[in-house]
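As C-alpha cells, the structure follows; a few thoughts come after it.
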Amino acid sequence: MSASVLFDVPGPRARTRNALLTVASVILVGAVLYGLYSGFDAKGQWRAQIWQPFLEWETWEFYIFPGLLGTLRAAAVASVLALVFGAVFGLARLSDHRWIRIPAGVVVEVFRAIPLLLLIFFIFYLAPALGGPGDYTFMAVVVGLMLYNGSVLAEVVRAGVLSVPKGQSEAAYAVGMRKNQVMRLVLLPQAVTAMMPAIVSQLVVLLKDTALGYIIAYVDLLNTGFKILPARFFGSLIPAAIVIGIIYVALNMALSFLATWLERRSRRSRKTSAAPIAPPGAPAVGAGAGTGPVGGGVAAGHGME
Numbered sequence: 000m001s002a003s004v005l006f007d008v009p010g011p012r013a014r015t016r017n018a019l020l021t022v023a024s025v026i027l028v029g030a031v032l033y034g035l036y037s038g039f040d041a042k043g044q045w046r047a048q049i050w051q052p053f054l055e056w057e058t059w060e061f062y063i064f065p066g067l068l069g070t071l072r073a074a075a076v077a078s079v080l081a082l083v084f085g086a087v088f089g090l091a092r093l094s095d096h097r098w099i100r101i102p103a104g105v106v107v108e109v110f111r112a113i114p115l116l117l118l119i120f121f122i123f124y125l126a127p128a129l130g131g132p133g134d135y136t137f138m139a140v141v142v143g144l145m146l147y148n149g150s151v152l153a154e155v156v157r158a159g160v161l162s163v164p165k166g167q168s169e170a171a172y173a174v175g176m177r178k179n180q181v182m183r184l185v186l187l188p189q190a191v192t193a194m195m196p197a198i199v200s201q202l203v204v205l206l207k208d209t210a211l212g213y214i215i216a217y218v219d220l221l222n223t224g225f226k227i228l229p230a231r232f233f234g235s236l237i238p239a240a241i242v243i244g245i246i247y248v249a250l251n252m253a254l255s256f257l258a259t260w261l262e263r264r265s266r267r268s269r270k271t272s273a274a275p276i277a278p279p280g281a282p283a284v285g286a287g288a289g290t291g292p293v294g295g296g297v298a299a300g301h302g303m304e
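Following numbering that gives the first Met the number 0, the numbering of the sequence shown begins with 0 at its first residue and continues without gaps.
And the structure:
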C-alpha cells in the first residue's frame, strides 16, 4: 500500500482547482508587491541618494552597530533575568505551601497584566526618586522586560511541569525520591523539552520589545537607526525602517535556529544516554546466549550426564 490512509490523492478536478488557486495567489501577492513598489517609487523612496548612507561604513560603525549592541545587551541581560524569574516563580506556584504559592501567583498575575510600556515608564521615573539623578534608561528597559516576560515564562514553566504525565512523579515517589529530587531529576528534564517552543517564542517577543526603549531615549537599534540616522543623513524613514526591520528579522531567525538546535541536541542526548534496565533475576543485556539457564548451557551439561 503506497499511499497513506490519512491522505487522499487529489483527482483531476482537485488538481485543476489547486493549480488555479496557486496561480491566483501568486498574482495577488505580485499585485500587492507591485502596488507597494509603485507607491514608494512615486514618493521617490527608491532614489539612490537616500539609500547611499547604508553603503558607507561610517553609518554602520557609528550608528547601526552601537544601536545593535544596545539592543543585544538589553535583550541578553533581560533574557537571563526573565528566565530566572520565570523558573523561580513558576516553581513557587507549584509549591505545596500556601504562603509561597499564593504570593507567587499574585506577583505573576500583577506583572503579567500591566502593559510593558507602563512598567518601563514607572521604573524610569521611580528610579531617580529612589537613587538620585542618573541615567536609568538601561535599568528601566531591562527590569521592565524582566518583570513582564518573566511573569509570562513563569506560567510557561508551571504549565510545562504540569504537562508531564502524573505517572512519572508517582513512579519516582514509589522508589523513595523526595519532592525536590522528583522535580529536579524527573519532571524538569521532561518539561524543558515541552516548554522549549514557548520559551523561544517569548524570548523573541522580549527581543522585539527592547524597541520600547525608544520611548525613553535608550540607545538601541530602533533609536539610532530610525530616529538619529534619518535626521542625520536623508530625513526619510522608509529606507531606515526597511533596513532595521531586516536586521530584527535576522536576529529573531538566528534565535529560533539556536533554540531548535538546542532542543534537538537535548532530545538526542537523552535518547542515547538511556540504557534498558533488566528486571531482577534476568540476565544482563548483551550476555551470551549460551550461558546460564536461559541460554541452555547448563541444560546441555545435564543432558550429557
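Idealized CB from N, CA, C, for every residue including glycine.
The region 191-228 is shown to contain no whole alpha helix (DSSP H) run of 4 or more residues. Taking 7 Å as the cut-off, the Cβ atoms of Val242 and Phe123 do not count as close. By the 16-neighbour rule on beta-carbons within 10 angstroms, Asp219 is buried. A straight-line Cα-Cα distance of about 12 Å links Trp45 and Ala239. Annotation: the continuous alpha helix (DSSP H) that includes Asp40 extends over Pro11 to Ala41. In the structure shown, Met176 falls within a coil segment according to DSSP collapsed to helix, strand and coil. The residues Leu115 and Leu144, in chain order, have a CB closer than 7 Å to that of Asp208 in the same chain once the five nearest residues on each side in sequence are set aside.
Taking a cut-off of 8 Å for Cβ pairs, the region 66-85 and the region 127-135 do not touch, as fewer than three such pairs fall below it.
Ranking Gly85, Gly131, Leu254 and Ala128 by CA distance to the CA of Arg111 puts Gly85 first.
Put simply, the region 213-227 does not touch the region 196-204. Fewer than three CB pairs are less than 8 Å apart. When DSSP states are grouped into helix, strand and coil, Glu55 belongs to the coil group.
If you compare the alpha carbons of Glu60, Leu261 and Val76 with that of Val191, the shortest gap goes to Leu261. Restricting attention to Leu146, Tyr62, Glu57 and Gly66, the CA atom closest to the CA of Ser78 is found in Leu146.
Ala249 and Lys178 have their C-alpha atoms spaced approximately 42 Å apart. Nearest to Gln189 by C-alpha distance, out of Ala210, Ala173, Gly166 and Leu117, is Gly166.
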